[in-house]
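Participant: Okay, handing you the structure first.
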Amino acid sequence: TLLMFEVPSSTEWQLPSGGALFAPNWFVDISGQLPAKLAALQAYAAELRPAPHPRSLAGVQALAAWRGASVGCAAAEAFMLGRQLL
Numbered sequence: 002t003l004l005m006f007e008v009p010s011s012t013e014w015q016l017p018s019g020g021a022l023f024a025p026n027w028f029v030d031i032s033g034q035l036p037a038k039l040a041a042l043q044a045y046a047a048e049l050r051p052a053p054h055p056r057s058l059a060g061v062q063a064l065a066a067w068r069g070a071s072v073g074c075a076a077a078e079a080f081m082l083g084r085q086l087l
């Protein structure tokens, strides 16, 4: 299975250039792992930005909540299925 992931502050700036925009069709419930994800992101302080930037801790948490709400859970990671071998 090949999953393409969402990158806050990059994916939403993608310009329509004839290619497919990020349209997630595979979601993983991360409700139980969100606190650990946010703690791990703090190890990459150089990559984080202050809120309200999408790559801030608040932005990452808000995106997880938005993606979760779209599929009926508290928090989710969104992916696009690129290829699946059965």
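To convert, note that position 60 of the sequence shown is 61 in my numbering; the numbers rise steadily by one, no gaps.
Don't be surprised by glycine CBs; every beta carbon is placed ideally from N, CA and C.
It should be emphasised that the depicted structure is a prediction, and the values quoted were computed from it without experimental measurement.
1) Can you tell me which residues form a DSSP beta bridge with TRP27?
2) Is ALA79 a contact residue of the ligand SAH, with contact defined as CB to any heavy atom under 7 Å?
3) Thinking GLY83 and MET5 are a contact (beta carbons under 8 Å), I'd like their distance in whole angstroms, please.
4) Short of 6 Å in beta carbon distance, which residues of its chain neighbour ALA52, apart from the five on each side in sequence? Order them along the chain.
5) Does GLU48 pass the burial test, meaning 16 or more other C-beta atoms within 10 Å, or should it be called exposed?
6) Would you tell me roughly how many angstroms separate the C-alpha atoms of LEU39 and GLN62, rounded to the nearest one?
7) Please name the residue or residues paired with LEU4 in a DSSP beta bridge.
Facilitator: So, to answer that:
1) PHE80
2) The ligand content of the structure shown is nil, which means the ligand SAH is not present either.
3) 5 Å
4) ALA59
5) GLU48 is exposed by the Cβ-count criterion.
6) Here the alpha carbons of GLN62 and LEU39 stand approximately 8 Å from one another.
7) LEU82
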